[in-house]
Amino acid sequence: MPQRIRVLMAKVGLDGHDRGVKVVARALRDAGFEVVYTGLHRTPEEVAVAAVQEDVDVIGVSILSGAHMALVPPLLDELRASDAADIKVLVGGVIPEADRTKLRDLGAAAVFDQDATTDAIVEWIRAHAGRADPGGPRREPGASAAARPASDGGRDGV
Amino acid sequence: MATTRKPARPTAPPPAAVNPKPAPGESNRIAGARDDWESRDVREAAERAPERRAQFETLSGLPVKRLYGPADVDALDYLEDVGFPGRYPYTRGPYPTMYRSRPWTMRQIAGYGTGRDTNARLKYLIAQGQTGISVDFDMPTLMGYDSDDPRARGEVGREGVAVDTIEDLADILDGIDIGAISVSMTINPTAWILFSMYVALAEQRGVPAQALSGTVQADILKEYIAQKEWIYPIPAAMRIVRDLIVYSVEHLPRYNPINISGYHIREAGATAVQEAAFTLANGIAYVEEVRRTGLDVDAFAPRLAFYFIAERDFFEEVAKFRAARRVWAKIMRDRFGARRPESMRLRFHCQTAGSSLTAREPINNIARTALQALSAVLGGAQSLHANGMDEALAIPSELAMKVALRTQQIILDETRVANTIDPLGGGYFVESLTDEIEEAIWAYLRRIDDLGGAVAAAQQNFFQTELAETAYGYHRQKERGELTVVGVNKYLDPSGGDVPIALHEVDPGVEAQQRERLARVKRARDGAEVARRLGALAAAARGDGNLIPPTLDAVRARATLGEIVRALRDVFGTYVEQPVF
Chain A
0 MPQRIRVLMA KVGLDGHDRG VKVVARALRD AGFEVVYTGL HRTPEEVAVA AVQEDVDVIG
60 VSILSGAHMA LVPPLLDELR ASDAADIKVL VGGVIPEADR TKLRDLGAAA VFDQDATTDA
120 IVEWIRAHAG RADPGGPRRE PGASAAARPA SDGGRDGV
Chain B
0 MATTRKPARP TAPPPAAVNP KPAPGESNRI AGARDDWESR DVREAAERAP ERRAQFETLS
60 GLPVKRLYGP ADVDALDYLE DVGFPGRYPY TRGPYPTMYR SRPWTMRQIA GYGTGRDTNA
120 RLKYLIAQGQ TGISVDFDMP TLMGYDSDDP RARGEVGREG VAVDTIEDLA DILDGIDIGA
180 ISVSMTINPT AWILFSMYVA LAEQRGVPAQ ALSGTVQADI LKEYIAQKEW IYPIPAAMRI
240 VRDLIVYSVE HLPRYNPINI SGYHIREAGA TAVQEAAFTL ANGIAYVEEV RRTGLDVDAF
300 APRLAFYFIA ERDFFEEVAK FRAARRVWAK IMRDRFGARR PESMRLRFHC QTAGSSLTAR
360 EPINNIARTA LQALSAVLGG AQSLHANGMD EALAIPSELA MKVALRTQQI ILDETRVANT
420 IDPLGGGYFV ESLTDEIEEA IWAYLRRIDD LGGAVAAAQQ NFFQTELAET AYGYHRQKER
480 GELTVVGVNK YLDPSGGDVP IALHEVDPGV EAQQRERLAR VKRARDGAEV ARRLGALAAA
540 ARGDGNLIPP TLDAVRARAT LGEIVRALRD VFGTYVEQPV F
């Protein structure tokens, strides 16, 4: 059986608004993807390392603080430096229109605004993730399981 | 749920209904007329035009009937459950004359860029008639990093104002008489440092501590539950809050050293019931923590303040505020044995719901915010922030904040809704809903007690799991169109055209300016003295002494916020979350 699509959901920077990232993570899991969530307050470099270690197809970065132009480019750079530029980076959150274009020009695969539906995100990933989606078995619907923290090499969580 | 009754109260006075209790013959007459109305008028009307849904419910999921009447409130005991404003159980308001004497404080929040930038916004709002000050800090300040820390990259002065040393707070409040106006600061894990800077600044300006009024949020429990700005493990964080409350009670009698906040719990996905219940559970945890020092509950309980959201379900919100006051009064009287009325009355700041605002057609947010603000006023808030129309896109522009302040002024001075107290009190629906929400809050409080209290429940991820569930449920409802968002999932503009609005632009130079300023302060101070005072602070942390006096010493010597946080991180360690979704 082919492997399921693997997605790393990430929060970078100091912003703690994690409602959106967790709703999307849950929706992706319910759609049958393997989902890993980094937890809060990660640096772009930490996210890139985790994505490579976890061998993910897609990274979803959620930023509501307005710091996306400072935090997304280093993540893309780090992926390129790690020879992992094939990992698709999705950006979601409060991203002004002008910055959406800039982020795509810099190499982000897609940008979703706060009104985007989770179905649209699922469809996008199915269409663009490098791996064929077998639509694997869904996990127990409605069960809120502990998120598997990305292997983090003993970081202190801040 | 609707038919659940309260347990018998041994101390209850003789029962009296909200309305004079109808004689048995009278209630039979009403019930008969109602049956007649249902079976004829309603049936015929529904045949012509069916009701929009088979069932209606509040945003929290409580059932809403077609009509409420005397039978829905006949178990209410007016004196015990509703009573009079300023009297137990404070359902109708914490003060006897409410807004007839003193309107709520109009406290629009401000904070961006440097201290000077924020000072200009505060002065603008005061010039427009704002009556209180509220300061919002940037993420590095909230999380305990100086502006020159690598972790602060891209976030300096962005979501709030940057504060590294007391000099920055002095800039924020430059030319503002802190002896005369109350200053509220939205800050939690580093609250004790900002509080110390505020006290030290008052000293510098010759303002006696006894004259200082204002609020520091300092609600650390809701950070682990919802807002996620934390530094230390929960027990250490609780100790810091305890020290802050104890110091404040002893030295700043007019100051609110904590603002126990449901706002962020709601924004993280809670229902109205969860918001009220989790907030009150956190309140219980703080009271227990401070009581362990031996302080009498009546010595500090009057200084505890609360903070709730005003969301979109108008009547449920009004009922929530009324129910929260009633539950807190009972908790303080019956659980903690408080004797002073001031200990039992719940006072709250309110903010309209940021997450209810849309990025599409942002001008519609003015209407949303106005109605939410109205529910806060009808619910008896002591202080109010109305959101800016552009908050789903950026931090508010000057124009957006002016419109929001004007919204408050229109509610107070044009609608006249503040001319009588609790005008919805006695309404069949509102009283019935207040009662139902109260029951649902008690049910949660019992569950949380069974888990060992709010601290233990937070450590077991109880709140976080509940919020993940409801947040996901709301999101799915919105996506399916069951939760209407006008202009987003219903009544979409076929032309796709939005009214353009000018957004607040972040000054890209702020980060460099702030780093330069910090470097200047560090060059001018006595480094050895700073190190000595930070050492004394760490020593106090290793013992059980109050942390405020050594923190005051440190900020007076221009120790930075980041240095103070690091000094205690070496002692307390760091919190590590196990996230759930």
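Read top to bottom, the protein sequences are chains A and B. Here the first sequence is numbered in numbering that gives the first Met the number 0, starting from 0 and rising by one per residue. Here the second sequence is numbered in numbering that gives the first Met the number 0, starting from 0 and rising by one per residue. Where is the CB? At the ideal position from N, CA and C, for every residue including glycine.
Query - CA nearest to the CA of residue 54 of chain A, picked from A:69, A:41, A:85, A:10 - result: Ranking A:69, A:41, A:85, A:10 by Cα distance to residue 54 of chain A puts A:85 first.
Query - Cβ shell of residue 596 of chain B (< 7 Å), same chain only, five flanking positions each side left out - result: Not covered by the structure: residue 596 of chain B. The range shown for chain B is 0 to 580.
Report task. Kindly indicate if chain A contains any beta-carbon less than 8 Å away from that of residue 580 of chain B. Result -> yes
Query raised in the report: Cβ of residue 12 of chain A within 8 Å of Cβ of residue 81 of chain A?
Result: Taking 8 Å as the Cβ cut-off, residue 12 of chain A and residue 81 of chain A do not qualify as a contacting pair.
Query - Contact set between residue 221 of chain B and chain A, taken where Cβ atoms lie within less than 9 Å - result: None at all; the shortest Cβ gap to chain A is about 11 Å.
**Report entry** Stretch pair the region 27-47 of chain B + the region 65-75 of chain B: three plus CB contacts closer than 8 Å
**Finding:** yes
Requested in this report: Compare the C-beta of residue 25 of chain A against all C-beta atoms of chain B and say whether one is closer than 8 Å.
Outcome: yes
Query raised in the report: Taking buried to mean at least 16 other C-beta atoms within 10 Å of its own C-beta, is residue 347 of chain B buried or exposed?
Result: buried
Query raised in the report: In chain B, what lies closer than 9 Å to residue 100 of chain A by C-beta?
Result: Within chain B, no residue comes near residue 100 of chain A; the closest Cβ sits about 16 Å away, beyond 9 Å.
Requested in this report: Tell me, to the nearest whole angstrom, how far the beta carbon of residue 163 of chain B is from that of residue 560 of chain B; I am working on the premise that it is less than 8 Å.
Outcome: 6 Å
Query raised in the report: Does the beta carbon of residue 113 of chain A come closer than 8 Å to any beta carbon on chain B?
Result: yes
Query raised in the report: Could you give the distance in angstroms between the alpha-carbon of residue 479 of chain B and the alpha-carbon of residue 88 of chain A?
Result: Their Cα atoms are separated by approximately 27 Å.
Requested in this report: Mind checking the region 0-12 of chain A against chain B and listing, in chain order, the residues whose C-beta falls within less than 7 Å of any C-beta there?
Outcome: 12
Report task. Please list, in chain order, all residues of the same chain as residue 489 of chain B whose beta carbon is under 6 Å from its beta carbon, the five residues on each side excluded. Result -> 483
Query raised in the report: Where does the unbroken beta strand (DSSP E) through residue 83 of chain B begin, and where does it stop?
Result: That residue, residue 83 of chain B, is in no beta strand (DSSP E); it is neither H nor E in DSSP.
Query raised in the report: Does the distance from the CB of residue 312 of chain B to the CB of residue 58 of chain B come in under 8 Å?
Result: It is a contact, given that the beta carbons lie within the stated cut-off.
Query - Contacting residues, own chain, Cβ-Cβ under 8 Å from residue 87 of chain B (five flanking each side not counted) - result: 328, 332, 340, 343
**Report entry** alpha helix (DSSP H) runs wholly inside the region 141-194 of chain B, at least 4 long, in chain order
**Finding:** 165-171
Query raised in the report: Of the residues that make up the region 347-370 of chain B, which ones have a beta carbon closer than 8 Å to any beta carbon in chain A?
Result: Answer set for the region 347-370 of chain B: 354, 357, 358, 359.
Query raised in the report: Any idea if residue 498 of chain B is buried or exposed, counting beta-carbon neighbours within 10 angstroms, 16 or more meaning buried?
Result: exposed
Query raised in the report: From B:101, B:102, B:165, B:138, pick the residue whose C-alpha is nearest to that of residue 156 of chain B; which is it?
Result: B:138
Query raised in the report: Between the region 122-134 of chain B and the region 42-54 of chain A, do at least 3 Cβ pairs fall closer than 8 Å?
Result: no
Requested in this report: For chain B, find out if any of its Cβ atoms is closer than 8 Å to the Cβ of residue 157 of chain A; answer yes or no.
Outcome: Since pLDDT at residue 157 of chain A reaches only 26, below the 50 mark, its modelled position is unreliable, and the value read off the structure follows with that caveat. By this cut-off, residue 157 of chain A is an interface position.
Requested in this report: Flag residue 118 of chain A as yes if its beta-carbon sits less than 8 Å from any beta-carbon of chain B, otherwise no.
Outcome: yes
Requested in this report: Say yes only if the C-beta of residue 424 of chain B is nearer than 7 Å to one or more non-hydrogen atoms of the ligand ATP, and no if none qualify.
Outcome: Annotation note on the ligand ATP: not contained in the displayed structure, which lists no ligands.
Query raised in the report: Residues in the region 113-144 of chain B with C-beta within 8 Å of chain A's C-beta atoms, listed in sequence order?
Result: 138, 139, 141, 142, 144
**Report entry** Near-chain A residues of the region 329-342 of chain B - C-beta to any C-beta below 9 Å
**Finding:** Cβ contacts with chain A come from no residue of the region 329-342 of chain B.
Query raised in the report: Distance, Cα to Cα, residue 491 of chain B vs residue 468 of chain B?
Result: For residue 491 of chain B and residue 468 of chain B, the distance between alpha carbons rounds to 28 Å.
Query raised in the report: Mind checking whether residue 123 of chain A and residue 107 of chain A have CB atoms under 8 Å apart?
Result: Not closer than 8 Å, so no.
Query - residue 27 of chain B classed as buried or exposed, judged by whether at least 16 other C-beta atoms fall within 10 angstroms - result: So residue 27 of chain B ends up on the exposed side.
Requested in this report: Indicate the three-state DSSP secondary structure (helix, strand or coil) for residue 48 of chain B in the structure shown.
Outcome: coil
Query raised in the report: Are at least three pairs of beta-carbons, each pair with one atom in the region 240-253 of chain B and one in the region 544-554 of chain B, less than 8 Å apart?
Result: yes
Query - Inter-stretch contact (C-beta, 8 Å, three-pair minimum) for the region 277-290 of chain B and the region 391-411 of chain B - result: no
Query raised in the report: Hey, residue 180 of chain B and residue 131 of chain B: beta-carbon distance below 8 Å or not?
Result: yes
Requested in this report: Leaving out five residues on either side along the sequence, give the residues of the same chain with a beta carbon under 6 Å from the beta carbon of residue 115 of chain B.
Outcome: 170
Query raised in the report: With 8 Å set as the bound, which would you pick, yes or no: does the beta-carbon of residue 87 of chain A sit closer than that to a beta-carbon of chain B?
Result: no
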